[in-house]
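Report on the structure given below.
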Amino acid sequence: MFKNYKKLLSSLLLFFLIPLPSYGWGIRFRGRIYKRLLGECGNNLALSSLVNIYNPSTLKCGNNVYIGYCCYIGDGDITIDDEVVIGPYVSITGGNHLFKDGSVRFGGYQYKPISIGKGSWIGAHSSIVAGVKIGKGCIVAAGSVVNKDVPDGMVVGGVPAKVIKENDPNSGLDGTEQVGMQGRC
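Residue numbers for the sequence shown follow full-length UniProt numbering, so the first one is 1 and each next one is one higher.
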């Protein structure tokens, strides 16, 4: 009963929070509201417009997490560690359909946990499927489908996602630039 209540409340919030801006105070305000619904949540959660969290009670977020425009976070035990940035239109789904009598229509679901490690960045239009663990400091290229675990510090991309190279967290920065969402969250 309580689980369904949170799903309903999440859907209502999705509708009523749409008019808020997708930057600055709007993303921080959405984060403060949703924080009360999540299974666990650290400080400074930032949510852009149209983020759809199917079952908030099974989502755990760390500190300083940003979830971009129009993301879908499905059912299942999903853990997003500290300082993760999730780009727009990303799908994170902890469940798979099962077959019954040759059809998925009434076959039910199987859920597997998903975890995204500290400091990782998930590029726009990517999909993270059930049972995947993404390590610390990883980058998932835009449009990728991650269906296997990703070790710490790797850049992955493609369909299905494959390791492209090791991530150099200091590449191209001299310490004075602002990167990604740091100036907006």
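Just so it is clear, CB atoms sit at the ideal spot from N, CA and C, and this is done for glycine as well.
The segment 46 to 55 touching the segment 25 to 34, judged by at least three CB pairs closer than 8 Å: Judged by Cβ distances under 8 Å, the segment 46 to 55 makes contact with the segment 25 to 34, as three or more pairs qualify.
On the CB-based measure, 16 or more other CB atoms within 10 Å of its CB, does GLU166 come out buried or exposed? Working through the sequence shown from its first residue, we reach residue 166 at position 166. Answer is exposed; the Cβ neighbour count stays below 16.
Using 10 angstroms around the beta-carbon of ASN55, count the other beta-carbons present and answer buried if the total reaches 16, otherwise exposed. Counting from one through the sequence shown, the residue named residue 55 turns up at place 55. Buried, by the Cβ-count rule.
Taking the alpha helix (DSSP H) that TYR34 belongs to, which residues open and close that run? The residue you call residue 34 lines up with position 34 of the sequence shown. Counting along the chain, the alpha helix (DSSP H) containing TYR34 begins and ends at 24 to 35.
Exposure of GLU40, with buried meaning 16 or more beta-carbon neighbours within 10 Å: In the sequence shown, residue 40 corresponds to position 40, counting from 1. Answer is exposed; the Cβ neighbour count stays below 16.
For ASN52, count neighbouring C-beta atoms within 10 Å of its own C-beta (all shown protein chains included) and say buried if the count is 16 or more, exposed if not. Translated into the one-based positions of the sequence shown, residue 52 becomes position 52. By the 10 Å Cβ count, ASN52 comes out exposed.
State the DSSP-derived secondary structure class of SER57, mapped to helix, strand or coil. Indexing the sequence shown from 1 puts residue 57 at position 57. For SER57, the three-state secondary structure derived from DSSP is helix.
Residues bridged to ALA46 [DSSP beta-bridge criterion]: As a first step, residue 46 is located in the sequence shown; it is residue number 46 there, counting from the start. Paired residues: TYR66.
Whole-number beta carbon distance between SER126 and VAL146, since they are thought to touch under 8 Å: Here residue 146 refers to the residue found at position 146 of the sequence shown. Here residue 126 refers to the residue found at position 126 of the sequence shown. Contact between VAL146 and SER126 holds, with the beta-carbon distance rounding to 7 Å and staying under 8 Å.
If we call anything under 8 Å between Cβ atoms a contact, is GLY157 one with GLY135? The count along the sequence shown starts at 1 and reaches residue 157 at position 157. The count along the sequence shown starts at 1 and reaches residue 135 at position 135. It is not a contact, given that the beta carbons lie outside the stated cut-off.
Between the CA atoms of ILE67 and VAL85 - distance to the nearest angstrom: Along the sequence shown, read from residue 1 onward, the residue named residue 85 stands at position 85. Along the sequence shown, read from residue 1 onward, the residue named residue 67 stands at position 67. Taking the straight line joining both Cα atoms gives about 6 Å.
Just reading off the beta strand (DSSP E) that VAL90 is part of, what are its end residues? In the sequence shown, counting from the first residue as 1, residue 90 sits at position 90. First-last for VAL90: undefined, no H or E at that position.
In whole angstroms, give me the CA-to-CA distance for GLY74 and SER91. Here residue 74 is taken as the residue at index 74 of the sequence shown, counted from 1. Here residue 91 is taken as the residue at index 91 of the sequence shown, counted from 1. CA-CA distance, GLY74 to SER91, rounds to 8 Å.
Can you give me the Cβ contacts of LYS133 inside the same chain, cut-off strictly under 6 Å, excluding the 5 residues immediately before and after it? If you number the sequence shown from 1, residue 133 lands on position 133. Within the same chain, LYS133 has close Cβ partners SER115, ASP149.
Mark SER103 as exposed unless 16 or more other C-beta atoms lie within 10 angstroms of its C-beta, in which case mark it buried. The residue labelled residue 103 in the question sits at position 103 within the sequence shown. Looking at its Cβ environment, which holds fewer than 16 other Cβ atoms inside 10 Å, SER103 is exposed.
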